[in-house]
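Asks:
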Amino acid sequence: MWNKTTSDTQFYYGIIGHDALLVKQIDTTSIEVHCSSNKLQGLPIDDFIRRYLTLDIEIGTVFRRGFADHYPDVWAIARRYLSVRVMRQDPFETMVTFMCAQGIGMGLIRRQVSMITERYGEELEVNTDFGSLRLHTFPSPSVIATADVNDLARCTNNNRIRAANIIRMARSFESGSMALACVQSGECPLETLRDALCVHSGIGLKIADCIALFGLGRFDAFPIDTHVRQYLQEWFGIEAARRSLTERNYRYLQDEARNILGEEYAGYAGHILFHCWRKEIRKMNTF
DNA sequence: CTCCAGGCAATTG
DNA sequence: CAATTGCATGGA
């Protein structure tokens, strides 16, 4: 998860494993990129950033050729958001985050994740020009696997069911079954991956697709939430999007979306549209 | 007090 | 099999 300091200087930071990555804007033409290590997850810093921020994805190929011609009105708005990047985030962190994202607002989601890192993560001291920042790593699966339900629930909106689900998922991660699914996630069919994720209580179709897209680099995964459902109806005239997201309708709408956006990058393109919809149409400022 | 917020699972038809 | 109904919680 990324954050911005409240100082007047633009200053962003994120924790990658046990290292900190900091980006500071020093003037109108340049930034400083600081990392607490010269390697991140075994990769030289430049290679890691390239992969983490999916700079290896040619953004011009995310929307298939012909999209602009077929949907000129949508394209007129969406083309301003082609700088949006879907990150390749840590799988476990992504699982916990989206398990916290059910029927709840973005502000509360972020608060839950922050509280989890502060309660269960390891404290990191990062020195900057502004002084030292006290940051926290995201806890490992083993830490969450041994957490007390009531204790974790204090971080999950006091929702004990959610806390219990997260703990059970972490234990599955520990046992190796979830880790194996992650290792194989790159090449297995999307349906197989989704099945492996959905055996866990608290992970349904939508959250499984979010994990695949944001945590496992499966840019073909296309999660459908309330916002996606709305733009599928408003922007693409899909009447079925008026009806509720039953499993059958969810799958049907996914097929429709793939017809419009293509198979390979349906989710990547979909997230750009998601962000665009919230910002431009719903005028939402939360992120 | 009501309604909503990046759904899920159990229960019916 | 597929649709409908509870649900859990904090904040606006």
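Using the working numbering, the first residue of the first sequence is number 8, and each one after it goes up by one.
Where is the CB? At the ideal position from N, CA and C, for every residue including glycine.
1. Please list, in chain order, all residues of the same chain as E254 whose beta carbon is under 7 Å from its beta carbon, the five residues on each side excluded.
2. If I'm right that A85 touches I279 with Cβ under 8 Å, what's the distance once you round it to whole angstroms?
3. Go ahead and label R236 buried or exposed: buried means 16 or more other beta carbons lie within 10 angstroms of its beta carbon, across all protein chains shown.
4. Could you tell me the alpha carbon to alpha carbon distance between K46 and G128, rounded to whole angstroms?
5. Would you call M176 buried or exposed, if buried means 16 or more other Cβ atoms sit within 10 Å of its Cβ?
6. Do three or more CB pairs link the region 248-265 to the region 62-81 at distances below 8 Å?
7. So what does S208 bridge to, in DSSP terms?
8. For Q261, tell me which candidate among L197, A27, I174 and S44 has the shortest Cα-Cα distance.
9. Judging by CA-CA distance, which residue of D158, N165 and A215 is the nearest neighbour of M185?
10. From which residue to which residue does the alpha helix (DSSP H) around L62 run?
11. Could you tell me the distance, in whole angstroms, from the CA atom of F229 to the CA atom of N292?
12. For E130, collect the residues of the same chain with a Cβ closer than 7 Å to its Cβ; drop the 5 residues on either side in sequence, then sort them by chain order.
13. Go ahead and pull the three-state DSSP assignment for G193.
Replies: Taking the coordinates as given:
1. L212
2. The C-beta distance from A85 to I279 rounds to 6 Å, short enough to meet the 8 Å contact threshold.
3. buried
4. 21 Å
5. buried
6. no
7. Beta-bridge pairing links S208 to no other residue.
8. Ranking the options by Cα distance to Q261, first place goes to L197.
9. Per the Cα distances, A215.
10. No alpha helix (DSSP H) contains L62, which DSSP labels as neither H nor E.
11. 23 Å
12. Taken in chain order, the residues that qualify are R141 and H143.
13. coil
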